[in-house]
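Below is one structure, written out as structure tokens; comments come after it.
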DNA sequence: TCAATTTGACAAGCGGCACTTGACAGACTA
DNA sequence: TAGTCTGTCAAGTGCCGCTTGTCAAATTGA
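Residue numbers (our numbering), protein chains in the order written: chain W, 58 to 152; chain R, 58 to 152.
And the structure:
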């Protein structure tokens, strides 16, 4: 059921939140209560959605913190699957 | 639909994974490929489930990375809701 | 009972990352 | 032309997951 290639949440913020409202990064950062650089890094996909940011996005644009963090989780997991074979684990069979 | 008071994933690892199999923290850490301290901190609820750890838990005990990380997300979010009123955001109305 | 194992904790250190303020040059705009 | 917006760099802070090494206390087993 996992998405084929999950988008970075930052791009979603840009396309689904900022652009439809004609909001600049500077203005949106001001509303969110974070620095312009911090939001810029997010929307340019150089930073992820933190718990704090998920709450801010929800308060400002709606949806739920679970949704925002779920997008981030899906993205992180997709990236991690690239190196999944590097993670060596002894499967546990029985006691 | 959020859980009332989500358990820390570390407790679940201890009760649902280690104890049923009679696994010691030391032995399980060895199987997981992490240090004893690292797993100890998790099961004693002093550390969270990272993406890396979620993959290790899945490989060793089953379930899915999404499930493990989802448990962590639910826990983190529950904790964050305590200070949710401290996060000041200007709700965005219109352009 | 004695010895080995297990445990939780502490310390020091490393790397990553989200966040801040300050600054800069380039682009766009009124 | 002047002001705004942008991406990015730098420097610094704090948190956290992870490591190795160590320790005392508790548990376990021959």
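All C-beta atoms, glycine included, are put in the ideal place defined by N, C-alpha and C.
Neighbour-count burial assignment, residue i, 16 or more Cβ in a 10 Å radius
{"i": "residue 110 of chain W", "result": "buried"}
{"i": "residue 152 of chain W", "result": "Because the pLDDT of residue 152 of chain W is 42, which lies under 50, any placement of that residue in the model is unreliable, and the number read from its coordinates should be weighed accordingly. Residue 152 of chain W is exposed by the Cβ-count criterion."}
{"i": "residue 113 of chain R", "result": "buried"}
{"i": "residue 134 of chain R", "result": "buried"}
{"i": "residue 217 of chain R", "result": "One cannot answer for residue 217 of chain R here, as it falls past the ends of chain R, which runs 58 to 152."}
{"i": "residue 73 of chain W", "result": "exposed"}
Beta-carbon neighbours of residue i, restricted to chain W and to distances below 9 angstroms
{"i": "residue 146 of chain R", "result": "88, 89, 90, 112, 113, 114, 115, 116, 117"}
Contact check, residue i vs residue j, beta carbons under 8 angstroms
{"i": "residue 148 of chain W", "j": "residue 117 of chain R", "result": "yes"}
{"i": "residue 82 of chain W", "j": "residue 97 of chain W", "result": "yes"}
{"i": "residue 132 of chain R", "j": "residue 77 of chain R", "result": "no"}
{"i": "residue 130 of chain W", "j": "residue 60 of chain R", "result": "no"}
{"i": "residue 79 of chain W", "j": "residue 102 of chain W", "result": "no"}
{"i": "residue 84 of chain R", "j": "residue 95 of chain R", "result": "no"}
{"i": "residue 119 of chain W", "j": "residue 146 of chain R", "result": "no"}
Proximal chain R residues relative to residue i, where beta-carbon distance stays under 7 angstroms
{"i": "residue 108 of chain W", "result": "133, 134, 137"}
{"i": "residue 141 of chain W", "result": "112"}
6 angstroms CB neighbourhood of residue i in its chain, flanking five on each side removed
{"i": "residue 128 of chain R", "result": "66"}
{"i": "residue 99 of chain R", "result": "67"}
{"i": "residue 105 of chain W", "result": "129"}
{"i": "residue 150 of chain R", "result": "none"}
{"i": "residue 136 of chain W", "result": "none"}
Within chain W, the residues that residue i reaches when beta carbons sit closer than 8 angstroms
{"i": "residue 122 of chain R", "result": "134, 137"}
{"i": "residue 128 of chain R", "result": "In chain order: nothing, as chain W lies at least about 11 angstroms away."}
Same chain, Cβ closer than 7 angstroms to residue i, neighbours up to 5 away in sequence not counted
{"i": "residue 115 of chain W", "result": "121, 122, 125"}
{"i": "residue 88 of chain W", "result": "117"}
{"i": "residue 144 of chain R", "result": "none"}
{"i": "residue 93 of chain R", "result": "82, 83, 86"}
Nonlocal neighbours in the same chain, by C-beta distance under 8 angstroms from residue i, ignoring five residues either side
{"i": "residue 75 of chain R", "result": "81, 82, 85, 100"}
{"i": "residue 142 of chain W", "result": "none"}
{"i": "residue 138 of chain W", "result": "none"}
Residue i CB to nearest heavy atom of the ligand NAD below 7 angstroms
{"i": "residue 79 of chain W", "result": "In the structure shown, the ligand NAD is absent, as is every other ligand, since no ligand is present at all."}
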